[in-house]
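*Asks:* Starting off with a structure, shown below.
Chains as they are written, first to last, in the working numbering: chain A, 1 to 319; chain B, 1001 to 1319.
Now the structure itself:
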């Protein structure tokens, strides 16, 4: 939760002269997004989010992300529409950094999803996968399964510092994935960060998804695995198979899963837990002791990994 | 710029059941306010700011602040109106902390005020002073001139660490104020933090003031002195007498100054610079080296103090 780039009234006014969105009425930095600076902007024409992309986002990926958002919005998927300036440009520059204006998407995220929320969220994810089918942009998933072994190579000591013996356990996970990862599942554009804080509800119904800045081309079912890790675990670390089944049921309202996808789901979710464990471990290792901003706890995902190593009874089996 | 308290969707929903403001549609933490956590809330009935008061605000002062805001809004001053719940209560509790809901006030603050902005801001401050006349609440200014010598007593070494010899210079300032501070100026409710980020404009006109959490009973002209320090210095540290004169001209549209107030203004502004220097020095001294959140630079106000020690030619003299 941060605003890294400070925008003055004069910079904002100059930025908006390129657009047909009227004059600014209110402008506030919002405490949302770890990777970017986000501002709520109200103008005489409507409400928008202004995003300034910070150093963790690769500039070369921005046309893919913004193109995807544009495609989704143009095809009726409830997500924030990027706003083009008068010359048709979506990706702009502000204070020397890449920046974009998107329409404000109302909705509330939920902290502790219910079974009903999981069903809605599952449907929202399948809707996203289906809507993205016609999108021609491609981006390799830099955090996909092929990246984990090289990522972990330099982190073994950090893993053992976090929990003695953990490095060997992770090596065993990696060996399992190297041997068993399915290679012929249906692929497409995945959200890759479909966590509860990126999904909006109104009156208990799914009303939209935001934050497409990890989206990539990968196994569609891997996106389900990542989402189930985020949506279907209790605060005490227990897997909630009822919520996971509801997520899948909701998903299949829009996109039925193949037998191969269902069979692979426990392994994909296990791998997805490793993916989030690894990026959290990177952040944790890079943060000096005593820093005021604490990174997310990697051990939350190590606890999920431990659950996956035991197996998820009932998960992925057609109910 | 921070959000210290994290509010879940369930806590928000429970909080709103006490109010007649409909159901939440959107809710975002805003990166504004150093002392409190602020959230932008949109409901089916309108838009609001939810403030959760953090430890730096004294709970006993909240009825004064909120009562003042209520008085100002009820008497037509453009400021955020506190919203009462169904039982008439304005000061509520959320996550065990004091909290209040106020109407959203649109407008943009300016980073580099022009002469015209200063004139408008001056008028807005006098309007505030006049509107607060009927408010019966009282709060001693805990950061008023009587507090500075005791505050500085424990900070002399920090001042010298910041700049060698500074402690002696500050002691000379304090001696000047002890001898010369005017004791019979018109008193009233002052904003006490009337900085550009707390004042909103639309189309170059003053449209409102926010953040009354330093308001107190003190010399009205002391509020002008504080404001002039914030509005009428150039980025290079030069005093801008044209802007200061415009601020006073704007002020006098609503409340003419007495001869005694005009004559006292240079000393009051000098004292106000010390007040902000001292609180920044306290924060600076309390922040560990290497912390990611940097406190505001006390030397910015030491540079203003140096300007005041030289005198402000033309300031306060009737133009």
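For every residue, glycine included, the Cβ atom is placed at its ideal position computed from N, Cα and C.
Among A/235, A/198, A/10, A/203, which residue has its Cα nearest to the Cα of residue 227 of chain A?
*Replies:* Out of A/235, A/198, A/10, A/203, A/198 has the C-alpha closest to the C-alpha of residue 227 of chain A.
*Asks:* Ignoring anything shorter than 4 residues, give me the alpha helix (DSSP H) runs that lie fully in the stretch 151-212 of chain A, in order along the chain.
*Replies:* With a minimum length of 4 residues, the continuous alpha helix (DSSP H) runs that stay inside the stretch 151-212 of chain A are 156-162, 166-180.
*Asks:* Any chance the stretch 1196-1213 of chain B sits against the stretch 1108-1121 of chain B, with 3 or more Cβ pairs inside 8 angstroms?
*Replies:* Yes, since at least three Cβ pairs between the stretch 1196-1213 of chain B and the stretch 1108-1121 of chain B fall closer than 8 angstroms, the two stretches touch.
*Asks:* Determine the closest residue to residue 44 of chain A out of A/74, A/220, A/26, with distance taken between C-alpha atoms.
*Replies:* With distances taken between Cα atoms, residue 44 of chain A lies closest to A/26.
*Asks:* Out of curiosity, what's the CA-to-CA distance linking residue 1278 of chain B and residue 1014 of chain B?
*Replies:* Rounded to the nearest angstrom, the two C-alpha atoms are 41 angstroms apart.
*Asks:* In chain order, what are the residue ranges of uninterrupted beta strand (DSSP E) at least 3 long that sit wholly in the stretch 1073-1142 of chain B?
*Replies:* Listed in chain order, the complete beta strand (DSSP E) runs (minimum 3 residues) inside the stretch 1073-1142 of chain B are 1092-1094, 1097-1103.
*Asks:* In this structure, does DSSP put residue 43 of chain A in helix, strand or coil?
*Replies:* The answer is strand: DSSP assigns residue 43 of chain A an E or B state.
*Asks:* Whole angstroms is fine: what's the gap from residue 1272 of chain B's alpha carbon to residue 1062 of chain B's?
*Replies:* In a straight line, the C-alpha of residue 1272 of chain B is about 24 angstroms away from that of residue 1062 of chain B.
*Asks:* Got a sec: is the Cβ-Cβ distance from residue 107 of chain A to anything in chain B below 8 angstroms?
*Replies:* Yes, its Cβ sits closer than 8 angstroms to a Cβ of chain B.
*Asks:* Between which two residues does the beta strand (DSSP E) containing residue 26 of chain A stretch?
*Replies:* 24-30 is the extent of the beta strand (DSSP E) around residue 26 of chain A.
*Asks:* Quick check: the stretch 166-185 of chain A against the stretch 212-228 of chain A, are at least 3 beta-carbon pairs closer than 8 angstroms?
*Replies:* As far as the Cβ criterion goes, the stretch 212-228 of chain A touches the stretch 166-185 of chain A, which means the pair count is three or higher.
*Asks:* Could you tell me whether any Cβ in chain B is nearer than 8 angstroms to the Cβ of residue 1 of chain A?
*Replies:* Reliability fails at residue 1 of chain A, whose pLDDT of 40 lies under 50, so the model's placement of it is uncertain and no value is given.
*Asks:* Leaving aside the five residues before and after residue 1143 of chain B along the sequence, list all residues of the same chain whose C-beta is less than 6 angstroms from its C-beta, in chain order.
*Replies:* Taken in chain order, the residues that qualify are 1275.
*Asks:* Put residue 1276 of chain B into one of helix, strand or coil per three-state DSSP.
*Replies:* Helix, per DSSP.
*Asks:* Is it true that the CB of residue 66 of chain A sits closer than 8 angstroms to the CB of residue 82 of chain A?
*Replies:* Contact: yes.
*Asks:* Residue 97 of chain A CB to nearest chain B CB: under 8 angstroms?
*Replies:* No, its Cβ sits nowhere closer than 8 angstroms to a Cβ of chain B.
*Asks:* Just checking: is the beta-carbon of residue 15 of chain A within a distance shorter than 8 angstroms of some beta-carbon in chain B?
*Replies:* With 8 angstroms as the cut-off, residue 15 of chain A does not count as an interface residue toward chain B.
*Asks:* If you count every other CB in all the chains shown that lies within 10 Å of the CB of residue 296 of chain A, and 16 or more means buried, which is it?
*Replies:* Residue 296 of chain A should be labelled exposed.
*Asks:* Counting only beta-carbon separations shorter than 8 angstroms, does residue 1267 of chain B have a partner in chain A?
*Replies:* It does not: the Cβ of residue 1267 of chain B has no partner Cβ on chain A nearer than 8 angstroms.
*Asks:* So, residue 1012 of chain B versus residue 1162 of chain B, is the Cβ gap smaller than 8 angstroms?
*Replies:* Against a cut-off of 8 angstroms, the Cβ pair of residue 1162 of chain B and residue 1012 of chain B comes out as no contact.
*Asks:* Can you name the residues of chain B whose CB is closer than 9 angstroms to the CB of residue 9 of chain A?
*Replies:* Simply 1108, 1109, 1110, 1111, 1112, 1201.
*Asks:* Can you look up residue 239 of chain A in the DSSP assignment and give me helix, strand or coil?
*Replies:* Three-state DSSP puts residue 239 of chain A in a strand.
*Asks:* Using the beta-carbon of each residue, which ones in chain A are nearer than 8 angstroms to residue 1042 of chain B?
*Replies:* Chain A residues near residue 1042 of chain B: 106.
*Asks:* Since residue 1230 of chain B is in the alpha helix (DSSP H), which residue starts that stretch and which ends it?
*Replies:* Counting along the chain, the alpha helix (DSSP H) containing residue 1230 of chain B begins and ends at 1220-1231.
*Asks:* Taking three-plus beta-carbon pairs below 8 angstroms as touching, is the stretch 92-105 of chain A in contact with the stretch 38-58 of chain A?
*Replies:* With a cut-off of 8 angstroms, the stretch 38-58 of chain A and the stretch 92-105 of chain A count as touching, because enough Cβ pairs lie within range.
*Asks:* Classify residue 75 of chain A as buried or exposed, calling it buried when 16 or more other Cβ atoms lie within 10 Å of its own Cβ.
*Replies:* Exposed, since its Cβ has fewer than 16 Cβ neighbours within 10 Å.
*Asks:* Residues of chain B with CB under 8 angstroms from residue 25 of chain A, in chain order?
*Replies:* The answer, in chain order, is 1106, 1107, 1108, 1202.
*Asks:* Give me, in chain order, the residues of the same chain whose beta-carbon lies closer than 7 angstroms to that of residue 1138 of chain B; leave out the 5 immediate sequence neighbours on both sides.
*Replies:* The residues are 1217.
*Asks:* Examine the Cβ distances between the stretch 1151-1159 of chain B and the stretch 1205-1215 of chain B and report whether three or more of them are shorter than 8 angstroms.
*Replies:* These segments do not touch.
*Asks:* Mind pulling the chain A residues with CB within less than 7 angstroms of residue 998 of chain B?
*Replies:* Outside the shown range of chain B, which is 1001 to 1319, sits residue 998 of chain B, and nothing can be said about it.
*Asks:* Do you know offhand how far residue 91 of chain A's Cα is from residue 1068 of chain B's?
*Replies:* Going from the Cα of residue 91 of chain A to the Cα of residue 1068 of chain B covers about 45 angstroms.
*Asks:* Considering only residues of the same chain and omitting the five flanking positions on each side of residue 312 of chain A, which have a CB-CB separation below 8 angstroms?
*Replies:* If we look at residue 312 of chain A and ignore the five residues flanking it on each side, its Cβ neighbours are 239, 241, 244, 266, 269.
*Asks:* Do you know offhand how far residue 253 of chain A's Cα is from residue 64 of chain A's?
*Replies:* Distance between the alpha carbons of residue 253 of chain A and residue 64 of chain A: 28 angstroms.
*Asks:* Kindly indicate which residue of B/1022, B/1028, B/1018 has the alpha-carbon position closest to the one of residue 1008 of chain B.
*Replies:* For residue 1008 of chain B, the nearest C-alpha among the options comes from B/1028.
*Asks:* Leaving out five residues on either side along the sequence, give the residues of the same chain with a beta carbon under 8 angstroms from the beta carbon of residue 1005 of chain B.
*Replies:* So the qualifying residues of the chain are 1037, 1052, 1054, 1094, 1095, 1097.
*Asks:* Which term fits residue 134 of chain A, buried or exposed, when burial requires 16 or more other beta carbons within 10 angstroms of its beta carbon?
*Replies:* Counting Cβ neighbours within 10 Å, residue 134 of chain A comes out exposed, since fewer than 16 surround it.
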